Amino acid sequence: MHIAEGVLSGPVIAAGMAVAGAGTAIGLKQLDFDRIAQTGILSASFFVASLVHVPVGPSSVHLILNGIVGLMLGWAAFPAILVALVLQGILFGFGGITTLGVNTVIMAGPAVICHYLFGFMIPKKPPISLTAAFGCGALSVFFAAIFVGLALVFTQESFIEVSGAVVAANLPVMIIEGIITAFCVAFLKKVQPSLLPGYPG
Amino acid sequence: MQIIPKFICHRAAARFLIIIAVMLTPLPANAHRITVFAWVEGSTAHVESKFSAGKGVNEGKVTVTAPDGTILVTGKTDKSGAFSFEIPRRTELTVTVSAGLGHQGEWTIRPEEISETDGTADPTAIIERSEPLLPATSASEEIPMPEPGPSPGLSRTEIRQIIEAAMEREWERRLEGKLDEKLAPLMRFLAQQEMKGPTVQDIFAGIGYIFGLVGVAAYVASRRRKPAQERPEGPKGHKGPEVPEVPEVPEGLKEEEEFGA
Numbered sequence: 000m001h002i003a004e005g006v007l008s009g010p011v012i013a014a015g016m017a018v019a020g021a022g023t024a025i026g027l028k029q030l031d032f033d034r035i036a037q038t039g040i041l042s043a044s045f046f047v048a049s050l051v052h053v054p055v056g057p058s059s060v061h062l063i064l065n066g067i068v069g070l071m072l073g074w075a076a077f078p079a080i081l082v083a084l085v086l087q088g089i090l091f092g093f094g095g096i097t098t099l100g101v102n103t104v105i106m107a108g109p110a111v112i113c114h115y116l117f118g119f120m121i122p123k124k125p126p127i128s129l130t131a132a133f134g135c136g137a138l139s140v141f142f143a144a145i146f147v148g149l150a151l152v153f154t155q156e157s158f159i160e161v162s163g164a165v166v167a168a169n170l171p172v173m174i175i176e177g178i179i180t181a182f183c184v185a186f187l188k189k190v191q192p193s194l195l196p197g198y199p200g
Numbered sequence: 000m001q002i003i004p005k006f007i008c009h010r011a012a013a014r015f016l017i018i019i020a021v022m023l024t025p026l027p028a029n030a031h032r033i034t035v036f037a038w039v040e041g042s043t044a045h046v047e048s049k050f051s052a053g054k055g056v057n058e059g060k061v062t063v064t065a066p067d068g069t070i071l072v073t074g075k076t077d078k079s080g081a082f083s084f085e086i087p088r089r090t091e092l093t094v095t096v097s098a099g100l101g102h103q104g105e106w107t108i109r110p111e112e113i114s115e116t117d118g119t120a121d122p123t124a125i126i127e128r129s130e131p132l133l134p135a136t137s138a139s140e141e142i143p144m145p146e147p148g149p150s151p152g153l154s155r156t157e158i159r160q161i162i163e164a165a166m167e168r169e170w171e172r173r174l175e176g177k178l179d180e181k182l183a184p185l186m187r188f189l190a191q192q193e194m195k196g197p198t199v200q201d202i203f204a205g206i207g208y209i210f211g212l213v214g215v216a217a218y219v220a221s222r223r224r225k226p227a228q229e230r231p232e233g234p235k236g237h238k239g240p241e242v243p244e245v246p247e248v249p250e251g252l253k254e255e256e257e258f259g260a
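For the protein sequence lines, the chains are A and B, in the order given.
Mapping the first sequence onto numbering that gives the first Met the number 0, position 169 (from 1) lands on 168, and the numbers just tick up by one.
Mapping the second sequence onto numbering that gives the first Met the number 0, position 115 (from 1) lands on 114, and the numbers just tick up by one.
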């Protein structure tokens, strides 16, 4: 999901930076004192998750975990993911510095979307809440793949082709992340529901 | 909520984090960053490209561009991510390997790395030029010329200078060839090093940075929060009943122990 340096055209990079900046501002504004530590830990999880690889045919893809980050953080997913991406860029060489904005939007955008799509279903009974959690984990990866296609459509390859390829490559990741998200939600519902959306803090 | 469940909650949350950490333990695999490394051997440039920590870029699109943006060479890498091409001319060459879907990497070959003879199609051109005067091969055998013979228009010293220059060039060429040969394994080794994936240090450095940022954020937020703290506690945050003081060890017991000792 990390788009490398030198692939994107100028306007796409600028647009990505603008959107990522706005998202981060909203996220920081909404971030209250009690959730700073939680944001940091999820940011660290996201940072490390990219090293967990799932072999897919000749290539391999890595976990993203933007679903659970978005579900638990809402808009604060933007600063969390931005920080993690900066560090992945510097330390791992994933993505790039100019493409930071675009990559942030690619991964944090779906996170926020899924937060609002599924967040309200989390406090419901287990069949519904677990399905919602699975959907949140899987769809946030799916949307990220669509976003990658959108970002690349302006530069080189055709949208359907790219998005299709990214979605196909990430199908196992979607399933795995759906399961991880459902597992996390089930666990947190039992022990600390206040971390989840829809519960009184 | 009571005190005990709250206590368990914290432990459970900690366990949850440990589970996440275990799930996220990095596995040896590959993806996502493409590293490209290219070196020159004679008139050929070798390119190696890999995803971070291992696998070669299978059928990656290779483009070699000059500084002015003209595309000089295009091609595809083999299964191990390797590609070789004849150097078209002596200039800065930017080798880009793209695996599609926004993944690509590049490496630049500087003109200094390409030896002068490599850019030309025929490395024997120099020798040919000197041939009308004296064959370079025989010239390298005998440096002191016993009898130069009659040479119209050229003095002895001039001939000697020409021969020496030709020999020097020949030497340089051979030395370069030899050096390239010897250095190739070293370059390959360097390429491998260059392509190492993230290390444990990188991972911990990143996590450390994030925790540090959390600290900074908490500090900033706590400063912002101070005036607000003066107002009475709102309904937010459940407060259990007061924790009863842990009863101290009865005096009698203490004394008994002292007596025992």
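Backbone N, C-alpha and C define an ideal beta-carbon position, used for all residues, glycine too.
It should be emphasised that the depicted structure is a prediction, and the values quoted were computed from it without experimental measurement.
Practice problem: Using a Cβ cut-off of 8 angstroms (strictly closer), state whether A/GLY100 contacts chain B. | Solution: Position 101 of the first sequence, counting from 1, holds the residue named residue 100 of chain A. No, A/GLY100 lies away from the interface with chain B (no Cβ there is under 8 angstroms from its Cβ).
Practice problem: Classify A/GLY95 as buried or exposed, calling it buried when 16 or more other Cβ atoms lie within 10 Å of its own Cβ. | Solution: Walking along the first sequence from the start, residue 95 of chain A turns up at place 96. A/GLY95 comes out buried.
Self-check item: Enclosing beta strand (DSSP E) for B/PHE36 [first to last residue]
Solution: As a working mapping, residue 36 of chain B is identified with position 37 in the second sequence. Taken as a continuous stretch (DSSP letters only), the beta strand (DSSP E) holding B/PHE36 covers 33-40.
Practice problem: State yes or no: is the beta carbon of B/LEU92 nearer than 8 angstroms to at least one beta carbon in chain A? | Solution: In the second sequence, the residue the question calls residue 92 of chain B occupies position 93. The beta carbon of B/LEU92 does not come within 8 angstroms of any beta carbon belonging to chain A, so the residue lies off that interface.
Quiz item: Are the beta-carbon atoms belonging to B/THR76 and B/PHE84 less than 8 angstroms from one another?
Solution: The residue you call residue 76 of chain B lines up with position 77 of the second sequence. The residue you call residue 84 of chain B lines up with position 85 of the second sequence. No; because the gap between Cβ atoms is not below 8 angstroms, this pair is not in contact.
Quiz item: With C-beta atoms as the reference, is B/THR107 less than 8 angstroms away from B/THR90?
Solution: On the second sequence, residue 107 of chain B is found 108 positions in, with the first residue counted as 1. On the second sequence, residue 90 of chain B is found 91 positions in, with the first residue counted as 1. The Cβ-Cβ distance between B/THR107 and B/THR90 does not fall below 8 angstroms.
Quiz item: Out of curiosity, what's the CA-to-CA distance linking B/GLY152 and B/ALA190?
Solution: As a working mapping, residue 152 of chain B is identified with position 153 in the second sequence. As a working mapping, residue 190 of chain B is identified with position 191 in the second sequence. Approximately 54 angstroms between the Cα atoms of the pair.
Quiz item: Applying the criterion that 16 or more other CB atoms from any shown protein chain within 10 Å of the CB defines a buried residue, is B/TRP170 buried or exposed?
Solution: Your numbering for residue 170 of chain B matches position 171 in the second sequence. Burial call: exposed.
Self-check item: C-beta atoms of B/THR34 and B/SER48 nearer than 8 angstroms
Solution: As a position in the second sequence, residue 34 of chain B is number 35, starting the count at 1. As a position in the second sequence, residue 48 of chain B is number 49, starting the count at 1. Yes; because the gap between Cβ atoms is below 8 angstroms, this pair is in contact.
Exercise. Return helix, strand or coil for B/SER221, following the three-state DSSP convention.
Key: On the second sequence, residue 221 of chain B is found 222 positions in, with the first residue counted as 1. B/SER221: helix per DSSP, three-state reduction.
Self-check item: Cβ-based burial, A/CYS39 [other Cβ within 10 Å; buried from 16]
Solution: Numbered from 1 along the first sequence, position 40 holds the residue referred to as residue 39 of chain A. First, the residue type needs correcting, since residue 39 of chain A is Gly and not Cys in the sequence shown. By the Cβ neighbour-count rule, A/GLY39 is buried, with 16 or more other Cβ atoms within 10 Å of its own.
Quiz item: Can you list, in chain order, the residues of its chain whose CB lies under 8 angstroms from that of A/PHE142, leaving out five sequence neighbours each side?
Solution: On the first sequence, residue 142 of chain A is found 143 positions in, with the first residue counted as 1. Here the set comprises GLY108, PRO109, ILE112, CYS113.
Quiz item: A/ALA14 to A/MET106, Cα distance in whole Å?
Solution: Against the first sequence, residue 14 of chain A aligns to sequence position 15. Against the first sequence, residue 106 of chain A aligns to sequence position 107. In this structure, the alpha-carbon of A/ALA14 lies about 15 angstroms from that of A/MET106.
Quiz prompt | Cβ shell of B/MET186 (< 6 angstroms), same chain only, five flanking positions each side left out | solution = By 1-based counting over the second sequence, the position of residue 186 of chain B is 187. Cβ within range, chain order: TRP38.
Quiz item: Roughly how many angstroms separate the alpha carbons of A/ALA132 and A/LYS189, rounded to a whole number?
Solution: The residue you call residue 132 of chain A lines up with position 133 of the first sequence. The residue you call residue 189 of chain A lines up with position 190 of the first sequence. CA-to-CA, the gap between A/ALA132 and A/LYS189 works out to about 14 angstroms.
Quiz item: Secondary structure at B/SER83, three-state DSSP: helix, strand or coil?
Solution: Translated into positions along the second sequence, residue 83 of chain B becomes position 84. Per DSSP, reduced to three states, the secondary structure at B/SER83 is strand.
Quiz item: Are any of the Cβ atoms in chain A nearer than 8 angstroms to that of B/ASP67?
Solution: By one-based count along the second sequence, residue 67 of chain B stands at place 68. Taking a beta-carbon distance threshold of 8 angstroms, B/ASP67 does not count as an interface residue toward chain A.
Practice problem: Taking only beta-carbon positions, decide if A/VAL172 is within less than 8 angstroms of chain B. | Solution: Residue 172 of chain A sits at position 173 when you count from the first residue of the first sequence. At least 8 angstroms separates the CB of A/VAL172 from every CB of chain B.
Quiz prompt | Close Cβ partners of A/PHE32 (< 6 angstroms) along its chain, the five nearest in sequence each way excluded | solution = One-based indexing of the first sequence puts residue 32 of chain A at position 33. For A/PHE32, there are no CB contacts under 6 angstroms within the same chain when 5 residues up- and downstream are skipped.
Quiz item: Can you tell me whether A/ALA167 is buried or exposed, with buried defined as 16 or more other CB within 10 angstroms of its CB?
Solution: The residue labelled residue 167 of chain A in the question sits at position 168 within the first sequence. Here A/ALA167 is exposed: its Cβ has fewer than 16 other Cβ atoms, across all protein chains shown, within 10 Å.
Exercise. Starting from the Cα of A/SER42, find the closest Cα among B/ALA217, B/VAL213, B/SER42 and give me that residue.
Key: For this step, residue 42 of chain A is matched to residue 43 along the first sequence. Out of B/ALA217, B/VAL213, B/SER42, B/VAL213 has the C-alpha closest to the C-alpha of A/SER42.
Exercise. Return no unless some Cβ of chain B is closer than 8 angstroms to the Cβ of A/PHE32.
Key: As a working mapping, residue 32 of chain A is identified with position 33 in the first sequence. Among the CB atoms of chain B, one or more fall inside 8 angstroms of the CB of A/PHE32.
Quiz item: Is there at least one Cβ from chain A nearer than 8 angstroms to B/ILE2's Cβ?
Solution: Along the second sequence, read from residue 1 onward, the residue named residue 2 of chain B stands at position 3. Interpretation of B/ILE2 is limited by its pLDDT of 45, a score under 50 that renders its predicted location unreliable; no figure is taken from the coordinates.
Quiz item: Relative to the ligand HEM, is the shortest distance from any of its heavy atoms to the C-beta of B/LYS78 smaller than 7 angstroms?
Solution: Although the ligand HEM was asked about, the structure shown includes no ligands whatsoever.
Quiz item: Any Cβ of chain A within less than 8 angstroms of the Cβ of B/ASP77?
Solution: Numbered from 1 along the second sequence, position 78 holds the residue referred to as residue 77 of chain B. False, the Cβ-Cβ gap to chain A never drops below 8 angstroms.
Quiz item: Just how far apart, CA to CA, sit A/ALA79 and B/THR73?
Solution: The residue you call residue 79 of chain A lines up with position 80 of the first sequence. The residue you call residue 73 of chain B lines up with position 74 of the second sequence. Using only the alpha carbons, I get a separation of about 40 angstroms.
Self-check item: is_contact[B/GLU127, chain A] using C-beta, thresh 8 angstroms
Solution: The residue labelled residue 127 of chain B in the question sits at position 128 within the second sequence. Since pLDDT at B/GLU127 reaches only 43, below the 50 mark, its modelled position is unreliable, and no value is offered.
Practice problem: Thinking A/GLY136 and A/ILE67 are a contact (beta carbons under 8 angstroms), I'd like their distance in whole angstroms, please. | Solution: Indexing the first sequence from 1 puts residue 136 of chain A at position 137. Indexing the first sequence from 1 puts residue 67 of chain A at position 68. With 8 angstroms as the limit, A/GLY136 and A/ILE67 qualify as a contact, their Cβ atoms being about 6 angstroms apart.
Quiz prompt | B/GLY205: contacting residues in chain A (beta-carbon distance under 9 angstroms) | solution = Position 206 of the second sequence, counted from the start, is the residue given in the question as residue 205 of chain B. Listed along chain A are ALA43, PHE46, VAL47, ALA83, LEU86, GLN87, ILE89, LEU90, PHE91, each with a C-beta nearer than 9 angstroms to that of B/GLY205.
Quiz prompt | Cross-chain neighbours of B/PRO197 in chain A, by beta carbon under 7 angstroms | solution = On the second sequence, residue 197 of chain B is found 198 positions in, with the first residue counted as 1. Correct list: LEU50, LEU90, PHE91.
Exercise. Specify the secondary structure class of A/GLN191 as computed by DSSP and reduced to three states.
Key: Position 192 of the first sequence, counted from the start, is the residue given in the question as residue 191 of chain A. If DSSP states are grouped into helix, strand and coil, A/GLN191 belongs with coil.
Quiz prompt | Local Cβ density within 10 Å of A/ILE159, reported as buried at 16 or more and exposed below that | solution = Walking along the first sequence from the start, residue 159 of chain A turns up at place 160. By the 10 Å Cβ count, A/ILE159 comes out exposed.
Quiz item: beta strand (DSSP E) containing B/ALA44: first to last residue?
Solution: Sequence index remark: in the second sequence, residue 44 of chain B carries index 45 (1-based). Element bounds for B/ALA44: 43-50.
Practice problem: Less than 8 angstroms between the CB atoms is what I'm expecting for A/ILE2 and A/ASN102, so what's the real figure, rounded? | Solution: Within the first sequence, numbered from 1, the residue matching residue 2 of chain A stands at position 3. Within the first sequence, numbered from 1, the residue matching residue 102 of chain A stands at position 103. Between A/ILE2 and A/ASN102 a beta carbon distance of about 6 angstroms is seen, short of the 8 angstroms cut, so the two are scored as contacting.
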